[in-house]
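Since the structure comes first, as structure tokens, the remarks are kept for the end.
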Amino acid sequence: MGFFKSLATMQGLISLIIVVLICLGVYIFAKSKGKKASISTKDVVAIGIGAALFAAVSFLSIPIGPNTSFRIAIALLVIFGAIYGPIVGFLVGFIGHALNDALMYGSVWWSWVFMSAMIGLFAGFIFLNKSFSVKTGQINKSHIIKMYLYSIFGILAGSVVSYLGDVFLYGEPADKVWLQIILANISNFVVIAVVGIPAIIALAKRNSKGSLEKE
Amino acid sequence: MNRTGSLYIEKTSFIHNLNGAVKLLLLICWTVFIFLFMDLRVFLSMIIIGFILLKMAQIPFKKIKTLIWFVVIFTIFNSIFLLLITPEYGSELAGTYSTFFEIGNLNITYETLFFSLTLSLKYLSILPITLLFLFTTHPSEFASSLNKIGIPYKVAYAVNIALRYIPDVTDEMKNIINAQEARGVCFNKKDAGIFKRLKNYVTILIPLLISSLNRVEIVSNAMDLRGFGRYKKRTWYHQKTFSIIDFLFLMISFGMIIVGIYLKNTLLKNFWYPF
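Protein sequence lines, in the order shown, are assigned to chains A and B. So in numbering that gives the first Met the number 0, spot 188 of the first sequence is number 187, and the numbers just go up one at a time. So in numbering that gives the first Met the number 0, spot 82 of the second sequence is number 81, and the numbers just go up one at a time.
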């Protein structure tokens, strides 16, 4: 079959190996942290409202080139991931992106939906860190460095998934997809670094203070 | 977009009466079917079938016009991009090489031109079935149909909440943008550089987030009080039992996958180039 033949090329094999490695890594990481995996009512509502926010904020974008723009909504994934954890991050990305695509364009670009979902998932790993909490304002330098690292990992993992989807399911030429992914990644990373992570820090700082304070 | 945040239009066609879960399965099977091929004939026939179904569902063309335009414009841009980046990709697939025209080093071939047309039609052929699902499924039934095809009900309910709150959150965001603009924070191209504007968006995001996080607390408390998540299963207000037509469409969906795999392995293996 054509599908398996195309997988047998060098790029296909390498991407498959990367996907398997990522899945293994995520599994081991989640196991070692050992927080419970079921979702509470608060998580359900957070996913719903996070996805609604994602869809609303998707209207805000600054175009920087053909088919590329700074999408502010990406910052929300990192924020919801950091506050509620990886499962919520993943689902906010997945549902938010899919709903926004469906309602705005009438069709869903599945491979890029996974890009958003992956960014949310990896951003959520900081939540598993026991000394970190946005709600009580516990945040320090090493957490911030980790957040940048996790978002880079998330972008890389998302790129592999959307590359596989675009090339093997949608049938796009590989060279073109690489170029698009690189452009999208640069803009996504800028949004996360300039808007997303500063917003988390601001939220945490706000929560660490009492509500009454002399300015 | 109406107040529920969905695109649903009330009508009484037989497609409206279909079970939401069946329509969702049809959508999934249709998409998988399209993904299997790289063949113009398949896509053209699926587009025609899709638009006949849309006609049967009595969806006014006026409502879907803009969405179709979006996809057409997107595919045109995508094709131009494809032709410029990989001008000889179609020739690699088709195995023949005939130059259409040259610009400097770029050698755009007829095969690539045909390939980008095929690819554009591929995207277009997923559109009608997605529109069919979005326009004929009631948003409350949407969640129950997600649950019915095996997605955990908590996730399905989250989708429901998202649909419910999209209009509210959008209104709130507009208010915050107006308030910040009144204070002199600029979001226009003329007023500030790109990074300045990007940083200004933080001033929208923080208040929007704080009010949304409060909303999460309020809604989740209300749901907890009503016992949400107490049991492993739940029933839905908008749940229909399967009718004969539902079973028929269920068979068609699964049949599509089987026929698709058969065709892929026998007749339509690769990229189809007739010339």
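Heads up, the beta-carbon is just placed ideally off N, CA and C, and yes, glycines get one too.
What is the rounded straight-line gap between the Cα of residue i and the Cα of residue j?
i	j	result
VAL91/A	GLY170/A	27 angstroms
TYR7/B	ALA56/B	12 angstroms
ILE217/B	ILE160/B	13 angstroms
ILE180/A	SER207/A	38 angstroms
LYS22/B	MET103/A	20 angstroms
ILE185/A	GLN238/B	45 angstroms
ARG233/B	LEU17/B	22 angstroms
HIS142/A	SER150/A	12 angstroms
PHE36/B	MET45/B	12 angstroms
PHE3/A	ASP170/B	For PHE3/A, the predicted model reports a pLDDT of 48, less than 50, meaning its position is unreliable and no value from the coordinates is stated.
ILE118/A	GLY195/A	12 angstroms
PHE274/B	PRO59/B	38 angstroms
VAL184/B	ILE63/A	21 angstroms
GLY164/A	ARG182/B	45 angstroms
MET0/B	PRO206/B	Per-residue confidence for MET0/B stands at a pLDDT of 47, beneath the threshold of 50, marking its modelled position as unreliable; the derived number appears in the next sentence. Taking the straight line joining both Cα atoms gives about 25 angstroms.
HIS137/B	ILE107/B	47 angstroms
TYR83/A	ALA54/A	19 angstroms
ALA156/A	ASN199/B	29 angstroms
PHE42/B	ILE128/B	13 angstroms
VAL154/B	PHE152/A	25 angstroms
HIS15/B	THR135/B	5 angstroms
LEU75/A	SER12/B	39 angstroms
ALA227/B	ALA142/B	In the sequence on display, residue 227/B carries Phe and not Ala. Cα to Cα, PHE227/B sits roughly 15 angstroms from ALA142/B.
ARG229/B	ILE38/A	12 angstroms
Three-state secondary structure (DSSP) at residue i?
i	result
GLU101/B	strand
LEU120/B	helix
SER68/A	strand
GLN179/B	helix
GLN179/A	helix
SER186/A	helix
GLY226/B	coil
SER12/B	coil
MET0/A	Bear in mind that a pLDDT of 40 at MET0/A, under 50, signals an unreliable position, so the number given afterwards is only what the model happens to contain. Looking at MET0/A - three-state DSSP - the assignment turns out to be coil, as it is neither helix nor strand.
HIS137/B	coil
LEU35/B	helix
VAL218/B	helix
TYR164/B	helix
LEU6/A	With a pLDDT of 49 at LEU6/A, under the threshold of 50, the modelled position of this residue cannot be trusted, and the question is left open.
ARG205/A	helix
ASN18/B	coil
TYR275/B	The structure shown does not extend to residue 275/B, since chain B spans only 0 to 274, so no value can be given for it.
CYS185/B	coil
ALA191/B	coil
ARG196/B	helix
GLY157/A	helix
LYS232/B	coil
PRO206/B	helix
GLU171/A	coil
THR95/B	coil
Going along chain B in order, which residues have a C-beta closer than 7 angstroms to the C-beta of residue i?
i	result
THR40/A	SER219, MET222, ASP223, PHE227, GLY228
LEU59/A	TYR200
ALA45/A	VAL215
GLY88/A	Per Cβ cutoff of 7 angstroms: no residues; GLY88/A is ~13 angstroms from chain B at best.
LYS175/A	PHE80, LEU81, ILE84, THR85
PRO172/A	LEU81, THR85, TYR88
ALA201/A	ILE205
ALA183/A	Near ALA183/A there are no residues of chain B at all, since even the closest Cβ is about 13 angstroms away, more than 7 angstroms.
Who pairs with residue i in a beta bridge, going by DSSP?
i	result
GLN238/B	Per DSSP, none; premise fails for GLN238/B.
ASN106/B	GLU101/B
GLN137/A	SER132/A
Give the interface partners of residue i over in chain A, defined as CB-CB distance under 8 angstroms, in chain order.
i	result
PHE69/B	MET103, TYR104, GLY105
PHE60/B	Correct list: empty, because the minimum Cβ distance to chain A is about 13 angstroms.
ILE256/B	Here the premise fails: no neighbours, minimum Cβ distance about 14 angstroms.
PHE274/B	Those within 8 angstroms of PHE274/B in chain A number zero; the least Cβ separation is about 20 angstroms.
Anything in chain A within Cβ reach of residue i, meaning under 9 angstroms, just list it in chain order.
i	result
MET55/B	In chain order: nothing, as chain A lies at least about 18 angstroms away.
MET45/B	Neighbours of MET45/B on chain A: none; closest Cβ ~13 angstroms, over 9 angstroms.
PHE32/B	The contacting residues do not exist; PHE32/B stays about 12 angstroms from chain A at best.
Below 7 angstroms on C-beta distance, what does residue i contact in chain A?
i	result
TYR156/B	VAL43
LEU130/B	GLY105
Using a Cβ cut-off of 8 angstroms, pull out every chain B residue sitting near residue i, in sequence order please.
i	result
PHE69/A	ILE193, LEU197
ASP165/A	Per Cβ cutoff of 8 angstroms: no residues; ASP165/A is ~11 angstroms from chain B at best.
Find the residues of chain B that neighbour residue i, judging by a C-beta separation of less than 9 angstroms, and give them in chain order.
i	result
SER198/A	One point to set straight first is that residue 198/A is Ala, not Ser, in the sequence displayed. Near ALA198/A (Cβ distances below 9 angstroms), the residues of chain B are VAL201, LEU204, ILE205, LEU208.
request  = Return the chain-ordered ranges of every beta strand (DSSP E) run that is complete within the segment 54-118 of chain A and spans a minimum of 3 residues.
outcome  = For the beta strand (DSSP E) assignment, the uninterrupted runs of no fewer than 3 residues enclosed by the segment 54-118 of chain A are, from N- to C-terminal side, 60-64, 67-70.
Secondary structure, alpha helix (DSSP H): runs of 4+ residues fully inside the segment 65-93 of chain B = Listed in chain order, they are 88-93.
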